[in-house]
Each structure stands twice: as C-alpha cells, then as structure tokens.
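Protein chains in written order, with the working numbering: chain A, 614 to 1561; chain B, 207 to 346; chain C, 112 to 200; chain D, 451 to 611; chain E, 2 to 507; chain F, 5 to 132.
For each residue, glycine too, the CB sits at the ideal point set by N, CA and C.
In this text the structure is predicted, and so the values were computed from the model without any measurement.
Heads up: the structure comes next, in structure tokens.
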Amino acid sequence: MAIPLTLITLVALPFLAALMIALLHDASRAVHSGIAGGASALGLGLLVMLAGPVIGGDVPSASWQWVPSLGLDLTLMVDPLGLLFGGLILGIGLLVVIFAHFYLYAGEATGRFFASLMLFQGAMLGIVIAGNVLLLLVFWELTSLSSFLLIGFWQHKAEARQGARMALAITGGGGLALIGGMVLLGLIAGSFDLATILERGDLVRASPLYPVMLGLILIGCFTKSAQFPFHFWLPHAMAAPTPVSAYLHSATMVKAGVFLLARLWPVLAGTEAFTVIVSSVGLVTMVFGAGVALFRHDLKSILAYSTISQLGLLVMLLGFSLEMAALAAVLHILNHAAFKAALFMSAGIVEHETGTRDIRRLGGLAKVMPITALIATLAAASMAGLPPLGGFISKELMLYQTPDLVLLGLPWLVPALATIGATLSVGYSLRLARHLFFGHPREAEPHARAHDPGFGMWAAPAVLTLLAVLLGLIPMLLAGPLVGAVTGAVIGGAAPEFDLALWHGVNLALILSLIAVAGGVLLLWQHARLLTLWERAGLPDAKQMYERTIGFADTWVRKAIVATHTPSLQRMLLASFAVIVALVIDGALVGGGVFTGTRLGLPASPPAIIAWVLLIAATAAVVNDSRNRFRVLIYISAIGLIVSLAFVRFSAPDLALTQISVEVVTILLLLLALNLLPKDPPLLSAAPRKWRDGALAIVGGVLIGGVAWAMLTRDPGASIAAYHLANAKPGGGGTNVVNVILVDFRAFDTLGEIIVLGIAGLGIFALLDTTAVGAAGARLRRWREDMPHSPERHPMMLLMASRIVLPLTLTVGIFLFLRGHNQPGGGFIAALVVAIAFLVQYLAAGFDWSDARRRFSEHRLIAWGVLTAMATGLGAVVFGANFLTSTFDYFTLPLIGEFELASAMLFDVGVFLTVFGAVMLALAQLSHIAQRAARAHAATLADEKDAP
Amino acid sequence: MSVPLPLAEVIVSLLIVIGGSFALIGSWGLVRLPSLMERLHGPTKATTLGLGGMLLGSVAYFQLVRGEWTTHELLVSVFLFVTAPISANLIAKVHLHRLRLGEASEAAGPAGRPAPPTADTDWATHEAPHLGTPGDMAGD
Amino acid sequence: MIEYALGFGFVALGLALALNLWRLLKGPGVTDRILALDTMVINIIGIIVLAGIAGGSGSSFEAALLLAMVGFVGTVAYAKFLLRGDIIE
Amino acid sequence: MSRLLPHPGLSVLLVVMWMVMVGDLTFGTLFLGLVLGFAIPLFTAPWWPGRPKVRYLSALGYCGLVVWDIIIANFEVAAIILFKPNRDLRPAWLAIPLELTSPEAITVFAGTISLTPGTVSSDISACGKYLLVHALHAPDPASEIAKVKARYEARLMRIFV
Amino acid sequence: MTLADHLPILPVAIPALAAPFALLVMRRRRALGINISLVSCLAMLASAIALMTQVSDGTILAYELGNWPAPFGIVLVADRLAAMMLVLAATLALIALLHAVVTRADRKGWHFHPLFQFQMMGLNGAFLTGDLFNLFVFFEVLLIASYGLMLHGQGPARLKAGLQYVVVNLVGSSLFLIALGLLYALTGTLNMADMGLRVAALAPEDQGLLRIAALLLVSVFALKAAVAPLHLWLVRTYAVSTPAVAALFAIMTKVGVYSLIRVVPQVFGDGAGAAAWVPAPYLLPAAMVSAGIGFAGVFVARSLSEQAAYLVIGSTGTLLIAVAGWQTATLGAALYYLVHSTIAAAALFLVAAVVARRRGGFADNASPGPDFADRSAVGLMFMLAAIAATGLPPLSGFIGKLMILKSVAALPDWGWAWGVILVTTLFGIIGFARVGSTLFWKRALSGEATAPAATRADLVAPAIALALLAALSAGAGWASAYANAAAAQVLDPALSARAVLGEVAQ
Amino acid sequence: MTYEFLVASAIGVLVAGGIFLALRARTFQVVLGLTLLSYAVNLFLFASGRLVLNRPPIWDKAVTEYTDPLPQALVLTAIVITFGMTAFVVILALRSFLESGSDHVDGDTVTGDAQDSLASDDTHGERP
C-alpha cells in the first residue's frame, strides 16, 4: 500500500468511524464499539506496517497542498516519535474501546460516546503525525473541542459541564497562545513545514522574537499537559466516564503537550530560558501534584494528581535539554501510558462494582476481587517506581540525570526536590493499593456486592499491566530499539549509548530511589497525622480561583456592556455627532489649506437679507418653541418657503418646484401624524444635558457652516457638468439639462430614487396595515380627541372650490410633465402636483367619499411605475444598446405640427407612476386610521358574533 | 400691439409699483389692525390687486418690452382668485371655533362675537349643517 | 425706469416679508400665524414674479404657480386640523 | 351629451387655460388642449356630482363687474389701513340672509364678498339660510347688507338658474 | 452585443424586475410570489457566478449605463472584489429566503418578498457601482428596504429598535451627502476612478477641505459597518429582527467595509495629499475596540440572537484590524475572513431561530429549559456555528484568523493586533461554551418537554450555511488565492482607472 | 453681505438647530431635527455647484453661461429620498407611539404623560 495512501487512511480512519457511528447513532452498542474498535485496530495495523522502516530510520511522509498562500499544507509524516505516540493512541484507544463497551451503563448514548471518542482519537493522531505546524494546530484545537464533548458526556451532571467548560477554556486558550507561537515560529523559520523548521533550530534560537515565541508555545504545552499553574482543569475533567479519563490522561490529551515539547525539542531546547522555565515548571508540578495526590480520597482524583505529577516529571526531563534526559522521558512516557491507563481502568472497575470511588469507604477488596487487585497493585507498584517494574527503570534514569541541572545556583536543589517527588509518588501509590485492596473493609455496603468483573472488562487493564511488568523485566528487548529511535527523533540526531536494566550497580540514583521508597513507606505510616496537618493548612483551590475569575469577569464585563450598550437613541446620535465634529476639526487642523477662497462674492439684495433673517428666526423659533408642536409646523413650512425661494433665486427652478411640492406633502403628513401624537407634552431633557447638546450643536453648526463658506468662496474647477450642458440637447434631446441628467445621463440614480420612494410607500403601508389590531388598535379605539372639534365635517366653500381645483391642478400637472424635458418640470414634480390635487379632494370631501371614486390601486401604480422604468432600460438592451440608453426623434403630423418623442419620456412616466402611487399610498393609509381601527374592531366583533 | 417703448416702460413700472405698494399695505394691515378678523382683510388686498398688479406688469413687460408672448402668469391670478376666499373663510372659521372655545390667545375683535342668525340655528362651525340644506355636505 | 420700479417693488415686498415675520412670531393667536404664513406665500410669489421680470426669464413662473396652489393647500390643512383634528377623515 | 361633457364650462376654461399656459397659438397646442378639455372633466366627473346650469354670458359680465369692484374697493381699504386709526374703525358682523340655494351659487357669492376687500365671508348658518360676513368698516351694517345682496346676489340668481 | 456584455447589469436588473412582479401577484397568489422571489435569487446567483468567472482572470468590466462615456455617465465596475461580494450576497440571500419560506416567516405581512428583492437590488448595486453618488442612492435603497424587512412582523420591540435604526441611518445619509457635495465641489466629478485622479491634482489650499470630506465619507462607512463608537445601533436592531432577515443583515455591515475597501485605495490612495489613506490614524484602534466590545458582548450575552448580534460587531472589528494594514496580504486575509464571518454570523442567527422555534416560551435565552425536539442535532449545529464564529478549526474561521495573524505580523504594531485577536477569540470560546452547555446540556427540572417541532425543514438553511463554511475551509487554497488577487487588484487603482476611463486618462 | 455668507450661515444655523433637536428625547422633536438637517444638507449639496444668479440650466442658443446643473440633479434626487425617509420615520414614530403609548425615542414610558389613554390591562401586542 502506497505511503501517501497509508498515511491519509491512518488519519482519516477515526474520523470516518466517528461519522459512521454518528450516522448509525440509533444502532446497538455492539455496532458502535465494533466500528470504533475496528477502526482503532485497523489503524494500529497500518502503524505496525510502518513500524519496521520507521525504526529502521526512514521517515514515510506525504504532502498535499491546501492553502499555499498561507503555507498550510496537508503534510503527514511518521517519524519514530510519531510512531510511538501513534502506537499509544491507537493501542490504548483500542483497549479503552473494549473496556468502555463493557463499562458503559445500559441506556447510555453509546453512539455519541464512541463518535466523540473516535473524533478525539483522530485529532490526537493528527497531532502526532502532522508534518506542518499549522496543520498540527488544526488538530490541536480539535482535541480541545472533542475532549470538551467527552468530558461533558454526562450532560446532566453539573460538574461534568463545568469540567468540560474549564478544560475547553484552559486548553483552548492555551491553544490560542500556541497558534501565536507557531505562526511566529513559522515566520522566523521561514517555513511552516515541520521538517524544515526542525533543521533551522539555530536560526530560530538566534531570532530576537525567540523569547516571545517560546513563551507562547510553552503556554500552549503547559496548559495542555496540566502543568502548574494550569493544572487545575485536569482533576475536574475526571467528571468524564472512566474510560475517557483512562484515555485522556494516560496516553493522549495531556501527553500532547509533552509530545509538542519533544517534537520541537531540537528547535527550542538548549537555551537558558528554555531549560530554566521548562525544567523548573516541571519540577514544581511534579512535587506539587504528588503532594496533593497523597491527601486525596477520591480514587480518580488521586490518579488525576498523580498524572499531573508524572507529567511534571516528563516536562522536567525534557526541560533538562540533555540527551539522556530526553531518553528517560521517552521511556517514562511509555511506562506512564501503560500503568496509568491500567490504573484508571481498575479504578473504573472498582467504582463499577462497589458504586463508590472514595477509598475511605473501601478496603480489603483483594479477597473479593483478586484479579483486579493483582492488576491494580502491579500497576501502582510501577507508578511507585518499585523494581522489577518499568516505572523503576525510568525513575532511575530520571534521578540519575538530576544532578546535571543546577537551578538557583544550588546544585543539590534539583536532586532533592526530585527525590521528594519520588518519595511522595511512592507514598500515594502505596496508599492507593493498600486502602483499596488490603486491610479489612471499612464499610460493608460497597463491599457487599463487589466481585471481579467479566473477562472483557479486566482484559484491557491486564494487557497494560503486563506491558508495564515486561517493560521492567525485558526493557531492551521490548522497547530498546524503539526508545533509541524515538530519542534520536526527539533530539534530532543519533541517540546516545544507553542500556535499560534494573541493575546498574550502586550509584546515586539507586540511593536516592531507596530513600524515596523508605520515605514513601514512612509517609504511609504517618499518613493520618499528616492528613490533619494538610487539612489544617487548607491550601487555596485553583478551581475556585478560576470560577471566581470567570464570575468576576462576567459580572464586570456585563456591567460595562450593559452600562454602555443599553440602546438609547440619544447616546447613539451623541456619539455620531461627536465623532463627526472631531473628524471635521481633525481635517481642518491636519489638512491645512486656506479657509476663505478667492471667488468673488455676489452682493445680496435687500429682500434676500430679509428672507435670510426670516429663515434664521424661524429656525430659532422651531428650536426654542419645539414644545408647541402645531406652531412649530407653521415655522417649518416658513423655512421651506425660504429654501425654495433660495432655489429660485440661484437659478434652480426645478429644485424650487420640487421643494415646494414636497414641502406641502410633508406638512400634510406631519399634520396627519400629529393628530394622534401628543400635542404639547412636557420636555424631558434636564438643563445640563441641554447645555451639552447645545454646545455640540453650535460647534457642529459653525463647522459645517464654515466648510460651506470655504466651499462657496472657491472657484469651481473643470466639472463633468460641462459635458452634460453640451450634450443635453444634441445627445439627450432636451433643453432642461437638469431633467436630461435625471432621466438620461444619470437615469440609474433616478431609478434607485423612485424605488426608494416606492419602498417607503410599501413600508408605510405595512406599518399602518396592522394598526387596527393589537395594542395599537386598542389604543386607537380608546383614543379621545384631545381638543374639542367643530361639528361641521366638510365646509361647503372648501368642498365647492375643491371640485374646480381638481381639474385645474390636473391640467397643470400634465403640463408640467409634458414640458419637463425642455422646461422646468418633469415626472416627479408632475406626480406630486397631481397627488396634491387628489389630496385636496380627500381634505375637502373626506376619505371615504373620495376613496370610493378612486380608480387606481397605489400598489399597482408603484409596481407598474418601476416596471415601466425598467422596461425603458431593458428596451435599450433588446436593441443591443446598454441598459437605459435613450433615444429620441422628431415627428410631424398634419395639423399638429412637429413634436418630439423621447424614450426618456417613457422613463419619466415610470417616475410619475411610482411617485404618485407612493405618495397616495402613504397619505391615504395614514388618514382617519382612528375611525378605520374602530371599524375593523366592529367588523371583528361582528365576525365573532356570527361564528357561534 | 405696437406701443412706443417709453410708454410701455411707464405702464410696466406703474403696474409694478402699484402691486408692490398694495402688497406692502396688506402686510402692514396684517400688523397694525386690532384683531384677527380685521387683519384678515389685509392679505386679500395683497392677493388681488397687489399680485394682480405685478403679474400684469410681468405680462406687459414680456409683451411690450421684450415682445415675448408669456401669459401663464395670469394663471397664478386665476388660482388665487379661486383659492383666496377659501383660505380666508377657513381661517375665519378657525377663529370662530377657537373664540367659542375661549382660547386665551384668540381674542374677540372690536366687532365682538357674532350673534347666531336666528334663535333656533347657529353657524355651521358650531352646529353641523342640517340635512338637506346647501351646507350639508355629509352626503358627499 | 423699470429698474427703479423693480427696486421699489423688491424693497416693498421685503418689508412686507419682515412684517409677516413679526406677525408669524408674535401671534398671538395660532390663526394669526397661519394668516401670516398665507400672506408670506403671497409676498414670495410677488418676489418671484419681480425676479422673473428682473432676470428677463419666465422659467420661474411655474414656481409661482405652484406656490399659489400649495399655499392654499397648506392653509386649508392647518385650518382643518384646528377645526377637526383629522384633516382627512 | 351631459355624460360626455359633464361640465362644458369647465372644459372651455381648461382649453383656454391650456392655451394660456403653453403660451403659443399653434394648432397642435389647441388640439392637445381640446383633448385635455374633453378628457379631464370626464375623468374627474365622479368628484363633481352636481350639474349646475349656468348662463355663461351673464357670468362673464358678472366677472367684469367683480374685477372693477375689487379695484375700487382696494383703494378704499388701503385708505382705511393707512389713515384710519383703530379707534375710528367700525368693524361689524353681518348676517346676510340668503336667497340662493345651490351650494355652487352660494360659494361664488361668498367668494365674491371675500374678494372685494372690506368684507370677508366667514361662515354659513347651519340651516344654510344666512351668510356670516365680517366687514372691516361698516358704520351702517343694514345698508351694507342691502348693497351686497342687490349688487351680487341678484345677479347670481340670474346666472344660476 | 450578446447577453454576456450585459452581465454587469443583471445582478441589479433581476431583483429590480422581480420585486414589482412579486408585488403585483403577492396579494392574490402568494405561492407565485414566493416562486418569483426564489427564482430571482437563483438567477442572481447564476449571474454573479458567471460574472466571477469572467473577471477571475483579472479583467475589469466597465459597463457604461445609457452609453454615456465615463466619467460623465454612471458606470458599473465589475472586478474580482465586486464579483466576490455579489456571489456572497446572492448565496446568503438564497439561504435566508429559504429559511423565511420554510418557517413561513414571510407570511406575517404582504411585502416580505418585494422588500427582500429590493434589498438585494440595493446590495448588488452598491457592490457594482463605480460612481460615488450612485453608491449613495443604492445605500438608500438597501437601507429603506432593510427598514421594511427589519420591521417585518412588527411588535413593540421591533418598532422601538426600528426607530433608532432608522434615525441613526438618516443622520448617516445626511453625512454622506455633505461629504459628496464637498468632494464634488473640489473635484467636479462623481466617478470614483476619475475622482481618484483629480484628487491627486488638488491645490495645497484645498487640502483641508479634502481631508474633511474624506474623513466624513469614511465615518459614514464606519457607521454602516458598525465600527466603535458608531456601533451602538446594531445590537438591538439585529437581535430583534426576524431571524431570516437578521441572517441577511449579516452582510449589511459588510457593505460599509466593502465601501471602505473600495473607496479608500481608489480615491484616497497615495496621491491624495492630506487625505492619503485617510482612516489610517483611527481605523486600527477603532477596529480593536470593536473586536473587544463585540466578543465581550458574546461573552456576556444572555441569548443566542444577542450573541450573534455582538458577533457581527466583533467579526467586523477583527477583519478591519487586517484592513487597516492596506497591504495585499492583509487585505486578502480580510476579504477571506469577510466572506467567512458573514456566513458564520448568518448561520448563528439561523441556529438561534431554530432553537427559539423549538423551545417555546424559553426562546433562545441562555436559560435551562425542558428537553426539546432534535436537541442533539441542533446542539451539533450550534457547536459548529460557534466554532466558525470563534474561528476554530476545522471551519474556515480558523484559516481566516491564521491569514490575518500572519499578514498582520508585518505591521508595526502587530503585537496589539495579535493580542486583541487572540484574547477576543478566547472570550468567544468561553461565552459560546457557557451558553451552549446551558442551552443544550442543562435541563430545567420543571417544565414538560415541548412538543416536537412541526417541521425539520428549518434545519436545512443553517445546515447549508455550515456546509458552505466547511467548503470554504476545504477550498481555502483557491479562495485565499482569489481573495489575495482581489486585494491586489483593489490596491492598484490605476487598473480600474484604465478600465473605466480608458487609456486617455493615464 | 454676500449671498455666499447668507447661504453658508443659514446652513450652519440649520445644522445647529437640527443637531440640537435630533438629540431631544421625543420622537416628534427628533423628526423636526432631521427635517432641519435635511434642509441644511440639500442647501449644502446645492451649494457645491456654487451660487449663480439668473443662469438657469435651460439650454438656449442665445445663452452661453449656465449654472452647474449636476448638483441640482443630485439635490433633486436627495430631496426625494429624504422625503421618503422622513415620511417613513414619521409613520414609524407614530406607530411605535400607538404600540407602546410613549413617544419617547427609546420607547421608555414617561411619567406624567397623559396622552396614553390605554389602560395597562390589555397589551396583547403581537398575535402569534
């Protein structure tokens, strides 16, 4: 089987298995565990196939491009290190699957369990055989995520959820740091390909960014492998089902950090910083973990802290930056995987059988469950580092190395602490075994129904324990070549000469470990007294700290967010205006340039000045009088008058027409709305706020006014408008350049513009369509007119006048429309005039009377208007020209004489229809909604009456 | 028409001056007269003769001085003649209405409050027009 | 000659506007304000007409026409609001 | 006939207005004007249910009369505003009894009164038999009423039959 | 001329035609209206993809509306960036529309589909136009349509939020107009390419005005993109909108980002004197603050939709951090992340909707409720959406963040940027983990299991969104290459100037 | 006194008034503020073509000098759009007042507002 295929299958298998299990989540447990076990076994087989050549020294690898621009390639490679870890992951994985199959209780979601387990296995496998650091990161974060699912498997348990969250937060967070570190590493090394990076160690260590990078990467590793002070998530991960714990904490999850340290050893190791930080952190963790483990009573908790301690040991060894230490680490990884998995499983068995994990309630189980006792005791012995077991050898090696490292200038420090650590681990290991299996039962209840489980359940731990034993008896035969090769891979060169054996003659290491054993026994003997001391000491619990930190952050961040983000329009606008003002000031200061330009001013005529005064006064009145709303509307229309007058004066007749007609429609709208709104409610703002806003407003006004002045006093440069002026008649067929721009040069704008108006009409309709029902309807029905009204609904003179005004106005509208292309006017203005004509009818004769005589549906008008405009645009396309290309021609008919037809006129028709429809829709909807609400209510009441 | 230019200019100027003066007088009346009903008379001047004068002036100007045929100014007058009485009428109605309500800002003028036409009916502002009478527009 | 007439007209209408403004702001009655606005429209039409003569172009007369119509509608709307509240009932 | 041309007078007015607005005397304009003069009244007919019978010739005469009165009265009122102090002012409410019955006629009558300065028709009685007029300066209300009725209402009675 | 020559107008023309037709048939024959809407979205997608294939080789299509030569008429410019945004918009529209139809959210009023189509027209137009005032017009189109959509379904909450949303955007529009007026007064043109050339030729005494105009314009875009401190309007607006609409809105803030990316290099590039790279001093800090606020919001939010709303702010901030670099690499990263974050936010809104539909009174609040239908399936979807939102593998967010981190490292103050990005991610992780575990794992002791959902069809839309994210991650090689190419194209205004104005302008 | 000064100062005053009113707490005042702002903005945009007297952009053989027509077209578009937006916001304000009985911009209930005639009992706002 070709190497690339092998590798990709190797990684893909677990994921595929997970997928299959997820798809078959309703199938039986056997199916699930079958798939999972099968996948693990298959993977293991593949790995074994590769084992020979890999240990032989060649590195099978394959690479596919993924994101070249990023340097993220799908590179896979199996070197001895990867092989070792891969073996552990798959092998122990397989055993865990078997164990779990028997362990899980009936009715548990085995599908979800095994799927998550396989997901996790795949992620782990990916980490160890990834040949690209970015790819490694992908799998790294995947392990955090999948472990989240595994730890939280028992969703109903609070501690499971907390444990899962904590694990995710810590390891995921560390993962983020690692991302930073890895990207930096890649940037420094100039490549993200692992092999390349490993060759460029010197370059990396020389880089000024090395410390930052190192720090980030170490955070990643330490969080993952639960090093002090990031250790606390691990014990709480014990809320997971025991098989999960066995898997995560022996061979996989927590080992990932160690793996990464080993993986990057050639690049990172050797510097002062690396050695001191890593080894001291490891040392502290080892001692600390062991110490805590000694005083725990929960079986799994003891194992958890022992794991922390053992991981500390590994990290410390790797931190030594010594080849032999690395070798020791490799060996211990192997050992630890074996005995720790075995211990977890036995713990699981004990819990499964006795229903408790509290060792204070257990004891003397050896009689009732001898097999389990044998397995667990042997494993514990290995953990304690007693001969003739594997643990002993690796610990020997460790102790042998300790004198070579000097911390704080104290040569004895490291050996001493290491020995203490060892002593403690002997202590808790022995305590574990003894409390569980020897002496006599402390409580009857759990003891009563305890017995050895079936073969299926103890087979897995048995195998592991056997491994642990053999690692002690025949280490060289069993693991020698592998360890050698792996060490070579770790240190990135040839492994040093080494011999693994129980007996090296009497040397420092032996003495130290003897001390350790003796001390361990002593500890066990004095345990009760020590325990009281320990409990009196009452060390702070890191978990509570974490919880408190999170809680603190949550409350305060929430306070801050709520305080700043309660939706208040005034705040939003204040922020916006403040930003604007600041930016304008910035522009004025930074940009430089002159304020007043060179353009000659036009002297203002007296009426203009008076009009200006009028505008200022009216504005002031609006602001100052804004409480009396009706009055303000009068002022507003005065302002509108002046503005349109200004447009007339500055030769913009079209604008004047538009402004005037829009003005009146707006006023009608506001009056209609004001009828239902409060007429003169008390003002709300307090004085200080008024001053603040006033100041801001004045500054803003001065700034914008100043900008306008600066703009007006400059001479315009060459404008594209010259082209419009030149081509309006010949190219657009119209003499009113503004109109030609609107319907031809920039018809696309106009298309959007009428659509805006149409949508506004629709939106308003939709808003008011529902006023009759719900709270609004109820409020409307109860709505009492807040000012006494005249009983006369339709004043006679007005009504009579309106009847003659309508045709007159219509004529004017048509006139304005037809001449629009050549003289001021056009579809938009015409539409407004016509709309006003009809609105006068509504005003005079009332809604119902006029509406009954209406012959058009506003919705359809809008739709047809837009369609007409679009049709003119697409018509051009049909004739092969660009969208909205216009054409025009002059025709002569007998009697009528010459007249012009332009396609732009058709477009203008579209404008007319849409605008007219939108305006009518808006105002007609708004009129007399109170009555309509009452009517709708009556109708519903009638229906309800008819119903029964 | 062939009118010698000087005469034409005289006509135009005269019309403009008359128009301007009446507009001013109207607004002056708006300011100085004692109460709303009196002030209401002011704008009617401005509307009729004031604007009329200026519009005629414009027609005459384009006609006689520049020789262009522009007549649509007259339309402005047409509209105003139709609409001005209505505006006045409605404002008066509002005045009566608010007078009856006793709004503080709405003071009765020297003419006092209008008495009801007869004992049994009141003005339409205060009493809905009777069915079938000309003022009854409810049917429409 | 016409120039002088126009000048007079402009000044007269300007003054008229000022007087309207006074009435507009002073009141006292809201009816007075409406009336002032109505008059203002008339005067502005006047100004536009005179400006038309002064500029010698008829292109702004539509504005005058529209103002005449629109001023009426505005006044009616205001009055109807004060009389009936709901201007379109 | 009346269905195709609901308001002949209006149609004529529209055609004239169109010609005035467009401002040139080509046949094309007239044609378009005629089309509009025919179409628009037809389109707006529903909004003007009434079909008043009008004597158009005498109506024209009436218009002339009104215009003349406006000019005269303008000067009178101008004089009042400029020279008569408020204390000498004799404003008065006049309740004019109506003989006209059709709303159109009454509206025209009231409009005339408003247009001729010095009098503003303010309201109509609920029974529709009286017109409330405010006179700027009417030392003798009765004669004022009589004058208005004689000068305008009588003529309108003849126009609106 | 074949239809291919008119390709650039199609994305605007299709919805502009579909909307009125839908409006005409809506009242009587609803089904027909829905079909019109769906078909139009498909057509949009097709045309957008066709456009993408045309421009992917680097050609820039300039479409002169009305055959008026640029800069005198309005011209549509289709380059890689525009095509990318068009495809994104169409895809998103399809998903949102699907969800709206399946959940019958479109039946609460008569105007959903017309408004939806008009909204799409506004978006596509904004992405295509090469004319500054035309950009304003399309902003207004998409805004007014969004008002309508945002208020769809109404109810007090939406009305309150809607009022604020509308008013704030009205102020923004006014600002836009002022900036436009100033720019026209200075340069005498509205065409972006042309303006870019003319700005470079401005006299020293006009520099102050130029800078003011530029800053105002940029602040308008910042307001649309909800960059702190102009972001306050967003949260409530998005949180209360109909989920399908909110999902579509995920791209609305990106319109602001797009405009920024489009206008700044084109108009205020190196040659722009006092306005060169004008947002420079402010953009990076503002972006960082936005990212911080956004993910802090995710961290403390108490409901899924609220979280999603904050996420929109946060992700926009994150991608603006990259934009602030104005280099090909950073901009490329930003563009890739833009696509990702848009879809991710949409997915989260949709998942929130799915949850709310199933939990009855408990809605999507982060409070333990009774068991509900398809809990594990929905839970998985939420987890994936959260993964995407925080930028964890295997979904595209991870690659996006890697690209941003890597490219940003070349900038002077990369440390800050990295810190913000990494820390905010952590906040996101914790927040999502907490809400997710409460919603999907914790069970309220009281309260009976809510009835099984009437339909599972509502799972389709979010599933599609998530699948897209997976695809975006799998095809990251091509996507990132395209994004970088688009960035390079945008950063070289001469290219589009040549395409729009022809050689003469050079 | 030049026209330029009049226009510029008028714009300034309108902007100031607009900003101040827009920052008030009542929807109606905010609407007024937006209206003032839009006047100012339209004038500003119009002013970008500079001020020219008696040169309307109506093409004529005789005339050679015109004012800049483009800003006029832009302002026309702007007026229309602003009108649509204003109309919408007015209705929206009214609608939310009817729904919540408060015309406060944030929908907060204001103590002392008598306008809300709806007793608090029936607020069955939305029908699902």
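Environment of residue i [buried if 16+ CB atoms lie within 10 Å]
i, result
"residue 641(A)", "exposed"
"residue 1300(A)", "exposed"
"residue 801(A)", "buried"
"residue 122(F)", "Residue placement at residue 122(F) is flagged as unreliable, the pLDDT there being 40, under the threshold of 50; the coordinate-derived value follows with that caveat. With 16 or more other Cβ atoms within 10 Å, it is buried."
"residue 1028(A)", "buried"
"residue 497(D)", "buried"
Close-in-space but distant-in-sequence residues of the same chain around residue i (CB under 6 Å, 5 per side omitted)
i, result
"residue 321(E)", "288"
"residue 308(B)", "none"
Contacts that residue i makes with chain D (C-beta to C-beta distance below 8 Å)
i, result
"residue 246(B)", "570, 584"
Interface residues of chain B facing residue i [CB-CB closer than 7 Å]
i, result
"residue 515(D)", "Near residue 515(D) there are no residues of chain B at all, since even the closest Cβ is about 14 Å away, more than 7 Å."
Close beta carbons around residue i, own chain, < 7 Å, minus the five adjacent residues each side
i, result
"residue 163(C)", "169, 171, 172"
"residue 552(D)", "502, 610"
"residue 1554(A)", "none"
"residue 1441(A)", "1271, 1524, 1528"
Per-residue contacts from residue i into chain A (C-beta, under 7 Å)
i, result
"residue 553(D)", "1409, 1413"
"residue 212(E)", "1200, 1203, 1204"
"residue 292(B)", "1410, 1411, 1414"
Nonlocal neighbours in the same chain, by C-beta distance under 8 Å from residue i, ignoring five residues either side
i, result
"residue 260(B)", "221, 222, 225, 226, 229"
"residue 264(B)", "276, 279"
Closer than 8 Å at the beta carbon, the chain F residues around residue i
i, result
"residue 572(A)", "Outside the shown range of chain A, which is 614 to 1561, sits residue 572(A), and nothing can be said about it."
Minimum Cβ-Cβ distance from residue i to chain H less than 7 Å
i, result
"residue 182(C)", "No chain H is present in this structure, whose protein chains are A, B, C, D, E and F."
Contacts that residue i makes with chain A (C-beta to C-beta distance below 9 Å)
i, result
"residue 137(C)", "Within chain A, no residue comes near residue 137(C); the closest Cβ sits about 11 Å away, beyond 9 Å."
Would you be able to state if there are at least three C-beta pairs under 8 Å between the segment 233-244 of chain B and the segment 493-507 of chain D?
Result no; under three Cβ-Cβ pairs closer than 8 Å.
Three-pair Cβ contact test at 8 Å for the segment 972-979 of chain A versus the segment 1073-1093 of chain A
no
Check whether the segment 69-81 of chain F touches the segment 160-167 of chain E, counting contact only when three or more Cβ pairs, one atom from each stretch, lie closer than 8 Å.
no
Entirely enclosed alpha helix (DSSP H) segments - the segment 632-680 of chain A, minimum 4 residues:
642-669
For the segment 781-789 of chain A against the segment 835-846 of chain A, do three or more pairs of beta-carbon atoms, one drawn from each stretch, fall closer than 8 Å, so that the two count as touching?
yes
Write down every uninterrupted run of the alpha helix (DSSP H) in the segment 1252-1278 of chain A whose length is 4 residues or greater and which is fully enclosed by it, in chain order.
For the segment 1252-1278 of chain A, not a single whole alpha helix (DSSP H) run of length 4 or above is found.
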